[in-house]
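Remarks on the structure that follows.
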Amino acid sequence: MRAPRISPDLLQAYKYVSVPNVCDALDRLGVGGAPRDIVQTWPMSRKLVGTACTMKLVPLGQPSIDSPVLGTLRAIMAGYQGDVLVIDFGGNREVNSMGGVAGATAVHHGLVGCVSDGVVRDIDEYKMLDFPVYARGPIQSSIRNRCGFAGHDIEVKLGGVAVHPGDLIFGDESGVLVVPKAKIEETLKLAQQLKGIEDSVIAAVRRGEDPVAAHEKVRYDSMTG
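The opening residue of the sequence shown carries number 8 in my numbering; numbering runs sequentially from there.
So, in structure tokens, the structure goes:
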């Protein structure tokens, strides 16, 4: 059965905090939700916030249930409006994991972005579509006949971080995060508190207060401990 969607109010609230705020909250909660080396493929000002819909690509020779092209389209069609497509390709930098046709299909179907543990092409098309894509970098070649499709709507990995359908995917210029669905509300509340603390320190410095004293006042060094 499809994982429950995240409420629109929660998704909207996440847009008022940053990836560093949420990462600090996850640190405080002991949750490792920060994939490394997965970044924006084109500069974008808005945040990526949505529910994970997942799929997995595998190298040729490993068990596969579909072609990567058709499998990706099926994964997109299995998603709901407001979802983020999460592609597990195990960090593969040799084969494309996402292209412009899939991007256009995702936008048409109401998905709000894609995060790939691999490389992608057609970045100019994502930019024209205003479709946020995070990946390990660019590549020129096609996905066709270069890998297999192992399934969708399953647990996958993103930079070593487990992702389940229904988890929150959150990204901005600092990177991307995975917030487990059971921790979405708790993480948001803590991120909002931590943002408030940082905002108060910045305000104190701008008022002319001693920066060290301002940090010590809020015990800044122990905020994520």
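Using N, Cα and C, we set each Cβ at its ideal position, and we do this for glycine too.
Keep in mind it's a predicted model, so treat the numbers as computed, not measured.
Whether residue i touches residue j by CB criterion (8 Å)
i, j, result
"Leu165", "Val140", "no"
"Leu92", "Gly86", "yes"
"Ala59", "Leu195", "no"
"Gly57", "Leu18", "yes"
"Asp124", "Gly97", "yes"
"Ile150", "Pro75", "yes"
"Leu36", "Arg153", "no"
Selection from the options that minimises the alpha carbon distance to residue i
i, options, result
"Arg128", "Ile83, Leu195 and Arg100", "Arg100"
"Phe177", "Val122, Ser71 and Lys202", "Val122"
"Leu175", "Thr112, Gln199 and Ala189", "Ala189"
"Lys54", "Gly39, Gly89 and Asp44", "Gly89"
"Ile13", "Pro187, Val168 and Ile150", "Pro187"
"Met84", "Lys63, Pro15 and Thr112", "Thr112"
"Lys134", "Met51, Met105, His115 and Asn103", "Met51"
"Gln47", "Gly144, Asp206, Ser229 and Gly155", "Gly144"
"Pro172", "Ala109, Val26, Gly39 and His159", "His159"
"Ser148", "Val208, Gly68, Glu223 and Met105", "Met105"
"Ser25", "Asp217, Glu223, Ala198 and Val163", "Ala198"
"Gly78", "Pro15, Asp16, Gly155 and Val114", "Gly155"
"Val163", "Pro218, Pro15, Leu64 and Ala220", "Leu64"
Residues near residue i by beta carbon distance below 8 Å, same chain, minus five either side
i, result
"Arg213", "none"
"Leu38", "The question names Leu, but residue 38 is Val in the sequence shown. Answer for Val38: Val186, Pro187, Lys190 and Thr194, listed in chain order."
"Gly110", "Cys121, Asp129, Glu132, Tyr133, Leu136, Phe138 and Val140"
Beta-carbon contacts of residue i that lie in its chain and below 7 Å, excluding the five residues immediately before and after
i, result
"Pro273", "Nothing can be reported for residue 273: it is not among the residues displayed for the chain, which extend from 8 to 232."
"His116", "Ile83, Met84 and Gly86"
"Asp44", "Arg143 and Gly166"
"Cys30", "Ala41 and Leu184"
"Ala221", "Val208, Ala211 and Val212"
"Val114", "Leu136 and Phe138"
"Ile1", "There is simply no residue 1 to check, as the chain begins at 8 and stops at 232 in what is shown."
Other residues of its chain near residue i: CB distance less than 6 Å, five sequence neighbours each side excluded
i, result
"Ile146", "Asn103, Val126 and Arg128"
"Met62", "Ala82, Ile94 and His159"
"Met8", "In this prediction, Met8 scores a pLDDT of 43, lower than 50, which makes its location untrustworthy; no coordinate-derived value is stated."
"Lys202", "Val24 and Asn28"
"Arg226", "none"
"Ser181", "Val26 and Pro27"
"Gly107", "Asp129 and Glu132"
"Trp49", "Ile130 and Lys134"
"Ile204", "Val225"
"Leu118", "Gly86, Asp90 and Leu92"
"Glu223", "none"
Closer than 7 Å: residue i CB and nearest the ligand FAD heavy atom
i, result
"Gly182", "This structure does not include the ligand FAD; it has no bound ligands of any sort."
Beta strand (DSSP E) segments (min. 3 residues) lying fully within the region 158-208: DSSP runs (the beta strand (DSSP E)) wholly in the region 158-208: 163-165, 168-170, 175-179 and 182-186.
Within the region 99-162, ranges of the beta strand (DSSP E) (whole runs, at least 3 residues): 120-127, 140-142 and 154-159
Please specify which runs of the beta strand (DSSP E), each continuous and at least 3 residues long, are wholly inside the region 35-75, giving them in chain order. 55-66
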